[in-house]
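Residue numbers (this note's numbering): 261 to 503.
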Amino acid sequence: MFTILSSDPIAHLLGEWASSLTAGAILLRILLAFLLSAAIGCERSNKRHSAGLRTFILVALGSTAAMILDLYLHTLISSSFTLISAAAAIGVAIISTYSILFSSKSQIKGLTTAAGLWTSSVIGLASGAGLYTVALATFAAVYCCLSLLPTLEKYLKDRSNHFEIHLELRDKLDLQDFIATLRKLGMKIDDIESNPAYLNSGLAVFSISLTISGEELKRYKTHREIIEALSTLDYVSYIEELV
Numbered sequence: 261m262f263t264i265l266s267s268d269p270i271a272h273l274l275g276e277w278a279s280s281l282t283a284g285a286i287l288l289r290i291l292l293a294f295l296l297s298a299a300i301g302c303e304r305s306n307k308r309h310s311a312g313l314r315t316f317i318l319v320a321l322g323s324t325a326a327m328i329l330d331l332y333l334h335t336l337i338s339s340s341f342t343l344i345s346a347a348a349a350i351g352v353a354i355i356s357t358y359s360i361l362f363s364s365k366s367q368i369k370g371l372t373t374a375a376g377l378w379t380s381s382v383i384g385l386a387s388g389a390g391l392y393t394v395a396l397a398t399f400a401a402v403y404c405c406l407s408l409l410p411t412l413e414k415y416l417k418d419r420s421n422h423f424e425i426h427l428e429l430r431d432k433l434d435l436q437d438f439i440a441t442l443r444k445l446g447m448k449i450d451d452i453e454s455n456p457a458y459l460n461s462g463l464a465v466f467s468i469s470l471t472i473s474g475e476e477l478k479r480y481k482t483h484r485e486i487i488e489a490l491s492t493l494d495y496v497s498y499i500e501e502l503v
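What follows is the structure, given as C-alpha cells:
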C-alpha cells in the first residue's frame with residue numbers, strides 16, 4: 261500500500277485508505293471523476309455543444325489515470341516530476357482548441373466548451389490526486405457557471421451599450437442608407453466587416469460593431485427592441501445580434 265500525505269477533509273473523513281493508492285481508493289477516484297465529468301458533459305450535451313457527454317468523461321478519466329500513474333511512480337522510484345499528468349493537461353489543451361470554431365457569421369463558437377474541457381481535466385487531476393474536496397468544489401463552481409450564469413450574462417449583454425450585429429442587405433448600395441439610419445437613432449459604428457462566406461449568395465452581408473450613444477436608447481431600449489426596429493427596414497433581408 262502506497263500512502264500519500266493528504267490534508268483533504270473528505271479523505272480524512274473517509275479514512276486512511278482514501279489517501280492511499282489502494283484498489284478501493286483508485287476505484288473511488290476514477291468513479292468520482294466519471295460522475296462529475298458526466299454531469300458537466302450532460303449540461304453541455306443538453307445545449308447541443310460540440311463536445312458532449314463522452315468527451316468530457318474521457319478527458320476527466322484520462323487526467324485521473326495520469327495523476328494516479330504519476331503518484332505511483334513517485335512512490336515507486338521517488339520521482340518528483342509529474343510528467344504524465346502534465347502531458348495530459350497539455351494534450352487536453354490541444355484537444356480543446358479543436359472545439360473552437362468560426363461560424364459563417366464570423367462568430368467564434370466553442371470557447372466555453374473548450375474551457376469546460378480543460379477544467380474537467382483539472383477536476384480529473386484533483387480526483388486522481390485524492391483531493392476529493394478540491395474536485396467536488398471545482399465541479400460545483402463549474403456547473404453553476406455553465407448552468408446558472410448564462411441568464412445573468414444575457415441580461416448584462418442586453419443592457420450593454422456595445423453590441424455586434426449580423427446584417428444581410430438586399431443590395432450593397434443600401435449600406436449607406438442603413439448607416440445613416442443608425443446614426444439618426446443615436447448609434448455609433450465602431451467597425452464594419454464584409455462577410456466573404458456569402459459572396460455568391462446575392463446578398464450583401466456584414467458584421468457591424470455598434471455603440472449606443474443616444475440617451476433615449478441607453479435608457480429605454482434593449483438590443484432586441486433595437487434589432488426588431490431595424491428589421492422593419494425595406495432593404496434589410498435579415499438581422500440578428502451576434503452573441
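Backbone N, C-alpha and C fix where the C-beta goes; we use that ideal spot for every residue, glycine too.
- The continuous alpha helix (DSSP H) containing residue 394 extends over residues 392-407.
- Inter-residue distance for residue 398 and residue 474 is about 43 Å (C-alpha atoms, whole angstroms).
- The alpha-carbon separation between residue 420 and residue 493 amounts to approximately 24 Å.
- 429 is the residue among 482, 478, 476 and 429 whose C-alpha sits nearest the C-alpha of residue 468.
- By DSSP's assignment, residue 471 forms a beta bridge with 422 and 448.
- Residue environment: residue 346 is assigned as exposed (fewer than 16 neighbouring CB atoms within 10 Å of its CB, all protein chains considered).
- When DSSP states are grouped into helix, strand and coil, residue 498 belongs to the strand group.
- DSSP places residue 267 in the coil class of the three-state scheme, outside both helix and strand.
- For residue 299, the uninterrupted alpha helix (DSSP H) run begins and ends at 283-306, by DSSP.
- Contact annotation: residue 380 and residue 320 have beta-carbon atoms nearer than 9 Å.
- Assignment of residue 464 by DSSP, reduced to helix, strand and coil, places it in the strand class.
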